[in-house]
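What follows is a short report on a single structure.
Residue numbers (full-length UniProt numbering): 1 to 262.
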């Protein structure tokens, strides 16, 4: 058996005999309140006025049902996300893009070949054994290095001209010895000799390299500026044991000392 609830409703106050205040109290029987229906979150938020009237009993004692719900942030609420539209290229667009890439690559190769042609024309033919790109670039590197050595020699000559006459004689006597650079890889080598030019110097140098040092001269390049000469010899060891770069450099220094002394 369910219990009935009792609500007390207070009316107006009256005064009885003796000035006593009489409180008029009305009793109203109220049936038990049924359980509220189950509502979703969206329905409860959409009908706050109905809940207010139902819970307030029309006496201004309503309860704000929105206070019973916690407001949680929703990811992406209020943001307009732009979706990337994937464009599908037509066959004509694909073909046009392919032809553009081919044209760009053809132009790049044309420019590269033109640059290599100009670079090859700036060097002596002896520096380029073959016409491929690697040979041209390698020959250009060697040519630039030799030009750097010539520049150092010219700067040294300029300094000698500025010193007194006595010091100049001593400097010239010391400059009889050549500057020698030797690179060896197995039985092949590259010899560079920077010296003051003298009559018959080249013939004597080649004879000494072939007879005394037993070297076979494969290629020779000569660069001359004023009284300075740069000899470049590509050589191979014909007989005897393999020599180190330092041993060859010392032997060449002795050969030039002998050549310049006579």
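Note that CB positions come from ideal geometry on N, CA and C, so glycine has one too.
Worksheet item: Are at least three pairs of beta-carbons, each pair with one atom in the region 106 to 125 and one in the region 188 to 195, less than 8 Å apart?
Response: no
Fill in: Straight-line Cα distance separating residue 156 from residue 244
On the chain shown, residue 244 is found 244 positions in, with the first residue counted as 1. On the chain shown, residue 156 is found 156 positions in, with the first residue counted as 1. So the two alpha carbons sit approximately 29 Å from each other.
Fill in: Cβ neighbours of residue 255 in the same chain (closer than 6 Å, five flanking residues each side left out)
Translated into positions along the chain shown, residue 255 becomes position 255. So the list reads 208, once near-sequence residues are dropped.
Worksheet item: Tell me the DSSP bridge mates of residue 181?
Response: Translated into the one-based positions of the chain shown, residue 181 becomes position 181. According to DSSP, which records beta bridges pairwise, residue 181 is partnered with 192.
Item to complete: Whole angstroms is fine: what's the gap from residue 140's alpha carbon to residue 148's?
Response: As a working mapping, residue 140 is identified with position 140 in the chain shown. As a working mapping, residue 148 is identified with position 148 in the chain shown. Roughly 12 Å between the two C-alpha positions.
Item to complete: Could you name the residues that DSSP lists as bridge partners for residue 236?
Response: Translated into the one-based positions of the chain shown, residue 236 becomes position 236. In the DSSP output, where bridge partners are listed per residue, residue 236 has 188 and 216.
Fill in: Cα-Cα separation between residue 221 and residue 107, rounded to whole angstroms
Against the chain shown, residue 221 aligns to sequence position 221. Against the chain shown, residue 107 aligns to sequence position 107. The straight-line gap from Cα to Cα measures roughly 36 Å.
Worksheet entry | Contacts around residue 227, its chain only, beta-carbon distance under 7 Å, and the 5 residues preceding and following it disregarded | Stepping through the chain shown from its first residue, residue 227 is reached at position 227. The answer, listed in chain order, is 196 and 197.
Discussion item. Using CA atoms only, rank isn't needed, just tell me which of 201, 158 and 185 is closest to residue 178.
Written reply: Here residue 178 refers to the residue found at position 178 when the chain shown is read from its first residue. When only C-alpha atoms are compared, the closest one is 201.
Worksheet item: What is the rounded straight-line gap between the Cα of residue 132 and the Cα of residue 150?
Response: Taking the first residue of the chain shown as 1, we reach residue 132 at position 132. Taking the first residue of the chain shown as 1, we reach residue 150 at position 150. Residue 132 and residue 150: Cα-Cα distance of roughly 27 Å.
Worksheet item: Between residue 105 and residue 88, what straight-line distance do the alpha-carbon atoms span, to the nearest angstrom?
Response: In the chain shown, the residue the question calls residue 105 occupies position 105. In the chain shown, the residue the question calls residue 88 occupies position 88. Each residue's Cα considered, the two are about 25 Å apart.
Worksheet item: Do you know how far the Cα of residue 158 is from the Cα of residue 183?
Response: Taking the chain shown and counting its residues from 1, one reaches residue 183 at position 183. Taking the chain shown and counting its residues from 1, one reaches residue 158 at position 158. Cα to Cα, the separation comes out at about 29 Å.
Worksheet item: Taking the DSSP output, what are the residues bridged to residue 230?
Response: Stepping through the chain shown from its first residue, residue 230 is reached at position 230. Paired residues: 194 and 223.
Discussion item. My output table needs one value for residue 131: the three-state DSSP class, helix, strand or coil.
Written reply: For the purposes of this step, residue 131 is taken as residue 131 along the chain shown, with counting starting at 1. Three-state DSSP puts residue 131 in coil, outside helix and strand.
Discussion item. What does the Cβ neighbour count give for residue 24, buried or exposed, with the cut at 16 atoms within 10 Å?
Written reply: Along the chain shown, read from residue 1 onward, the residue named residue 24 stands at position 24. Its pLDDT being 49, under 50, residue 24 is placed unreliably in this model, and the value from its coordinates should be taken loosely. The residue is exposed, with fewer than 16 neighbouring Cβ atoms inside 10 Å.
Discussion item. Quick check on DSSP: helix, strand or coil for residue 89?
Written reply: Stepping through the chain shown from its first residue, residue 89 is reached at position 89. In this structure, residue 89 counts as coil in the three-state DSSP scheme.
Worksheet entry | For residue 67, the three-state DSSP class (helix, strand or coil) | Start at 1 with the first residue of the chain shown, and residue 67 comes out as number 67. Note that residue 67 has pLDDT 45, beneath the 50 cutoff, so the model's placement of it is unreliable and no number is given.
Worksheet item: Roughly how many angstroms lie between the CA atoms of residue 181 and residue 93, to the nearest whole one?
Response: Locating residue 181 in the chain shown gives position 181, where the first residue counts as 1. Locating residue 93 in the chain shown gives position 93, where the first residue counts as 1. For residue 181 and residue 93, the distance between alpha carbons rounds to 60 Å.
Item to complete: Would you please state the rounded distance, in angstroms, between the beta carbons of residue 146 and residue 223? I believe it to be under 8 Å.
Response: Taking the chain shown and counting its residues from 1, one reaches residue 146 at position 146. Taking the chain shown and counting its residues from 1, one reaches residue 223 at position 223. That pair is a contact at about 6 Å.
Practice prompt. Please list, in chain order, all residues of the same chain as residue 153 whose beta carbon is under 7 Å from its beta carbon, the five residues on each side excluded.
Written response: By 1-based counting over the chain shown, the position of residue 153 is 153. 194 and 228.
Worksheet item: Who are the Cβ neighbours of residue 135 in its own chain at under 7 Å, not counting the five residues just before and after it?
Response: By one-based count along the chain shown, residue 135 stands at place 135. Same-chain partners within the cutoff: 128 and 129.
Worksheet item: Roughly how many whole angstroms lie between the Cα atoms of residue 232 and residue 98?
Response: In the chain shown, residue 232 corresponds to position 232, counting from 1. In the chain shown, residue 98 corresponds to position 98, counting from 1. Roughly 49 Å between the two C-alpha positions.
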